[in-house]
Amino acid sequence: MAYFGKILYGIKTLWTGMKVTGGYFFPNLLTKKDVITVQYPDEPAVVFERFKGEVVMWHNENNEHRCTGCQACEIACPNGSIEIIWKREVDPETGKKKKMLDQHIYHLSMCTMCSLCIQACPTNAIMWSVNFHNATYDRSQLTKVLNKPGSKLMAGVEE
Amino acid sequence: MNMLSINIFQNWLNHTHGIWYVLVLAGIAALYLGFFAVAGLMLVYLERRVAGYFQLRLGPNRVGPWGLLQTIADALKLVSKEIFMPKFADKLLYKIGYYIVIVSSLVALAVIPFSRQIQALDINVGIFFVSAVSSVGVLGILFGAWGSRNKYSLIGAMRSGLQMISYELSAGFAIIAVVLMAGTLKMTGIVEAQKDTWFLFQGHLPAIVAFVIFIIAGTAESNRVPFDLVEAEAELGAGFHTEYSGMGFAYFFLAEFINMFIISALAVTLFLGGWLAPFGITDGLPAQWLWGMVWFFVKVLAVIFLLMWFRWTFPRLRIDQLLTLEWKYLLPIGLVNTVIMAFIVWKDWLIHI
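Residue numbers (the working numbering), protein chains in the order written: chain A, 201 to 359; chain B, 12 to 364.
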């Protein structure tokens, strides 16, 4: 009798499995409301806020950034993805010569998205962007200057 | 070919049948080839689409309307691929393997009746011929795997042989149960015998048991999940076609789907009344051959959907479980079932509505 019991048990468990998958298939076929696929180029992609796409520098509406050119991120980066070119210029307020940021160069092609630069930054000047359209036709386009042209340090960051 | 044999061939052409007879035969063969190449591709598309819906996805929907041209694009890509051969391969067996697989599945199609009038060849041992020819395909799998000199391929092919030898028995007993009811091996004869009631309902419980056994054994013979130990991606790479590229791989792939079609077509012919309309609802209408084909393909698609449902539900069996299922369950049940069926037919207890 255990023989027939096993057969019935087998049929029962197989039917349970088929009920589950059928419960996915038929509603999907009719309404498509449970479909989790995002039709990406036609619909906007859903990206989570914590997604690490690339490093960007925050600028306010007056084209000012928070980077003092201290090079903490350059030292923290394990791959050498960040190069900072700095300059000495006369601060108009105090009249003294001072170290300032000239170009914050970021090599996206070498970046492993480890977040160490962002943790190292003392003034929260750089942050993650969720932009994932990073493909280019030329490798040189992956080297980016993060501070916008003509931008300057926001007042009150260094205090 | 020497002069003598050419002369004999010409004599055969001119005197026995005439050149037009041969040309018509070649035309029918070309029609079948073209139709089933496209039908195989469409089955691949259907499989991917159905799989998508089972897994809360959409499946291919970009190439052409509703993605219908997706598999044709895939086939074009496969044609353009490099034909690769392993260095130490057995060249003859490696190359002959996929031809045997695809030819055996195409030959089996010849005797399947799509409609009362649409059938390439109506021989009096039709069902026997199909079950004989469709099991030759496993030879091609064994040849290809042995020829490619790859241990994973060989393990996969040995499993395929084991599976085929085991499950052919159960499929045979399921077919015998139907042949007992029909009293003939001829495919059209089997369908005509279901004129009033389909065999699935004609033979009480034994017919239903035979149907279930046939579906299980058919799934196993066409090497589909849950019996796809032959390919077993997780264990064997791709099994017997690991070393194949381009069209060689495409032939194996196409043969698998044509085999699925054959199994479904056999299930429909044997148990679900072939081209006959359910309750005869289209009997009085004109163009009966077309209606026959419509009903046949609707039923075949339903059975194919059932096989796909199995595929996306059940986990793969281990080899010992596979053999236990066959030798401990399906075969004894099939034997007893055949005896009961013979008794029912002898007492003339078949249900006729």
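The beta-carbon is built from N, C-alpha and C at its ideal position, and this holds for glycine as well. No experiment lies behind these values; they were computed from the predicted model shown.
Chain-ordered neighbours of residue i on chain B, where CB pairs are closer than 8 Å
i, result
"A:L229", "Y64"
"A:T221", "F65, W320, W323 and T324"
Residue i at chain A interface by Cβ criterion, 8 Å
i, result
"B:W320", "yes"
"B:L69", "yes"
"B:M12", "Residue placement at B:M12 cannot be trusted, given a pLDDT of 49 that sits under 50; what the coordinates show is reported in the next sentence. Not closer than 8 Å to any Cβ of chain A, the Cβ of B:M12 fails to qualify, so no."
"B:D133", "no"
Assigned secondary structure, residue i (DSSP; H/G/I helix, E/B strand, else coil)
i, result
"A:E261", "coil"
"A:S329", "strand"
"B:V114", "helix"
"B:L44", "helix"
"B:M12", "Unreliable positioning characterises B:M12 in this predicted model, as indicated by a pLDDT of 49, which lies under 50. The coordinate reading is nonetheless provided below. It is coil, neither helix nor strand."
"A:E289", "strand"
"B:L247", "helix"
"B:T324", "coil"
"B:L361", "coil"
"A:K348", "coil"
"A:V256", "strand"
"B:T82", "helix"
"A:T343", "strand"
"A:E283", "strand"
"B:L265", "helix"
"A:L353", "strand"
"B:L296", "coil"
"B:G284", "coil"
"B:K206", "coil"
"B:L52", "helix"
"A:P244", "coil"
"B:Y64", "helix"
"B:Y255", "coil"
"B:A278", "helix"
"B:A100", "coil"
"B:F290", "helix"
"A:M313", "coil"
"B:E58", "helix"
"B:P237", "coil"
"B:I129", "coil"
Contacts of residue i in chain B (Cβ-Cβ under 9 Å)
i, result
"A:V238", "Residues of chain B passing the Cβ test: none, with the nearest at roughly 10 Å."
"A:L214", "F321, T324 and F325"
Within chain A, partners of residue i - CB distance below 9 Å
i, result
"B:Y340", "Y203, K206, I207 and G210"
Endpoints, the alpha helix (DSSP H) within which residue i is located
i, result
"B:E242", "No alpha helix (DSSP H) holds B:E242; DSSP gives it neither H nor E."
"A:Y209", "A202 to T231"
"B:T349", "L342 to K358"
"A:N334", "No alpha helix (DSSP H) contains A:N334, which DSSP labels as neither H nor E."
"B:M198", "M198 to E203"
"B:V149", "G148 to S159"
"B:F212", "F210 to Q213"
"B:M192", "K162 to A193"
"B:Q332", "I330 to T335"
"B:F140", "G137 to S145"
"A:Q319", "L316 to A320"
"B:E93", "Taken as a continuous stretch (DSSP letters only), B:E93 belongs to no alpha helix (DSSP H), as it is neither H nor E."
"A:A272", "A272 to A276"
Under 7 Å by beta carbon: chain B residues contacting residue i
i, result
"A:F225", "Y64 and F65"
"A:V235", "L67, R68 and L69"
"A:M218", "W320 and T324"
Limits of the unbroken beta strand (DSSP E) element including residue i
i, result
"A:H361", "Lying outside 201 to 359, the shown extent of chain A, residue 361 of chain A is not represented and no answer is given."
Selected residue, minimal CA-CA separation from residue i, among the options
i, options, result
"A:N263", "A:E358, A:G356, A:K348 and A:V357", "A:K348"
"A:R149", "A:S281, A:K298, A:G280 and A:T294", "What is shown of chain A runs 201 to 359, which leaves residue 149 of chain A out entirely."
"A:H307", "A:T343, A:E254 and A:L208", "A:T343"
"B:H252", "B:A276, B:I134, B:Y109 and B:V141", "B:Y109"
"B:A204", "B:I362, B:L296 and B:V35", "B:I362"
"B:A261", "B:A48, B:F238, B:I330 and B:G70", "B:A48"
"B:A278", "B:D207, B:G257 and B:V190", "B:V190"
"B:F184", "B:F222, B:Q213 and B:K339", "B:F222"
"B:P97", "B:W357, B:A188, B:G155 and B:A245", "B:G155"
"A:V290", "A:F204, A:E283, A:M300 and A:S281", "A:M300"
Short CB-CB distance (under 8 Å) between residue i and chain B
i, result
"A:L301", "no"
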